[in-house]
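Just so you know, full-length UniProt numbering puts 132 at position 132 of the sequence shown, and the rest follows in order with no gaps. Quick reminder that beta carbons are idealized off the backbone N, C-alpha and C, glycines included. Read the structure below first, then the notes.
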Amino acid sequence: MPVRIEKIIKNIDKLPSLPMVATKLLSIVDKELTAAKDLAEVIEKDQALTARILKLVNSAFFGLSSKVTTVSRAVIVLGFNSVKSLGLGISVFNTVSNVGSEKTAFNKDKFWEHSLGVAAGARLLAKKLKYPNPEEAFVAGLLHDIGKIIRVQINL
Numbered sequence: 001m002p003v004r005i006e007k008i009i010k011n012i013d014k015l016p017s018l019p020m021v022a023t024k025l026l027s028i029v030d031k032e033l034t035a036a037k038d039l040a041e042v043i044e045k046d047q048a049l050t051a052r053i054l055k056l057v058n059s060a061f062f063g064l065s066s067k068v069t070t071v072s073r074a075v076i077v078l079g080f081n082s083v084k085s086l087g088l089g090i091s092v093f094n095t096v097s098n099v100g101s102e103k104t105a106f107n108k109d110k111f112w113e114h115s116l117g118v119a120a121g122a123r124l125l126a127k128k129l130k131y132p133n134p135e136e137a138f139v140a141g142l143l144h145d146i147g148k149i150i151r152v153q154i155n156l
């Protein structure tokens with residue numbers, strides 16, 4: 001077995017677990033009768049996630065004319081699937097936010113901006129091509145480089 005693969009396997013336990021809020025998001029979005037209120041309640045239990053979603057929804061990226069001040073309003077304005085996708089993506093990034101140090105060249109902010117740009121492009125392309133679930137493309141774009149974080153985390 002190559003040395004790099006052995007190192008990955010040996011250090012797999014150093015990788016962070018998915019936070020409880022992400023696990024809850026995944027479980028409620030699979031249920032048919034989940035209401036927007038339920039989604040907002042799960043997200044609001046995580047202050048960092050709530051703050052990041054509100055910051056993002058009010059950014060130029062979404063170009064809204066009025067300020068969104070609650071997660072419930074974000075769900076109404078952006079839609080259930082968009083907020084769910086943002087919640088999952090942000091949750092994953094918050095989990096690995098301690099990645100990198102002065103010793104590494106890993107820039108979390110640039111990584112986040114790049115991932116968000118790819119996610120937006122993937123969703124736009126999915127809509128243009130009439131893909132049945134553009135939010136799936138958004139999440140795929142958001143997480144497409146997650147392996148880079150893992151590489152930094154286990155010093156590959």
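Quick check: what's the CA-CA separation for residue i versus residue j?
i           : j       : result
Val-21      : Ile-76  : 20 Å
Arg-4       : Ser-65  : 49 Å
Asn-107     : Asn-94  : 14 Å
Pro-19      : Lys-130 : 33 Å
Pro-134     : Ser-59  : 21 Å
Leu-88      : Ile-8   : 24 Å
Gly-147     : Lys-10  : 16 Å
Asp-46      : Val-92  : 13 Å
Arg-73      : Glu-113 : 24 Å
Gly-63      : Glu-6   : 46 Å
Ala-105     : Val-152 : 9 Å
Lys-37      : Leu-56  : 19 Å
residue 225 : Ala-48  : Because the chain is modelled from 1 through 156, residue 225 falls outside the range shown and cannot be assessed.
Thr-23      : Phe-111 : 23 Å
Ala-137     : Lys-67  : 26 Å
Alpha helix (DSSP H) containing residue i: first to last residue?
i       : result
Asp-13  : Segment: none, Asp-13 is in no alpha helix (DSSP H) and carries neither H nor E.
Lys-108 : 108 to 128
Asp-38  : 36 to 44
Gly-147 : 146 to 153
Val-75  : 71 to 78
Leu-142 : 134 to 143
Ala-60  : Neither: Ala-60 is in no alpha helix (DSSP H) and is coded neither H nor E.
Cβ of residue i less than 9 Å from any chain B Cβ?
i      : result
Arg-52 : Among the chains of the structure shown, chain B does not appear; only one protein chain is present.
Q: Please determine if the region 139 to 149 and the region 119 to 126 are in contact, where contact requires at least 3 C-beta pairs separated by less than 8 Å.
A: The answer is yes - the region 119 to 126 touches the region 139 to 149, with three or more Cβ pairs under 8 Å.
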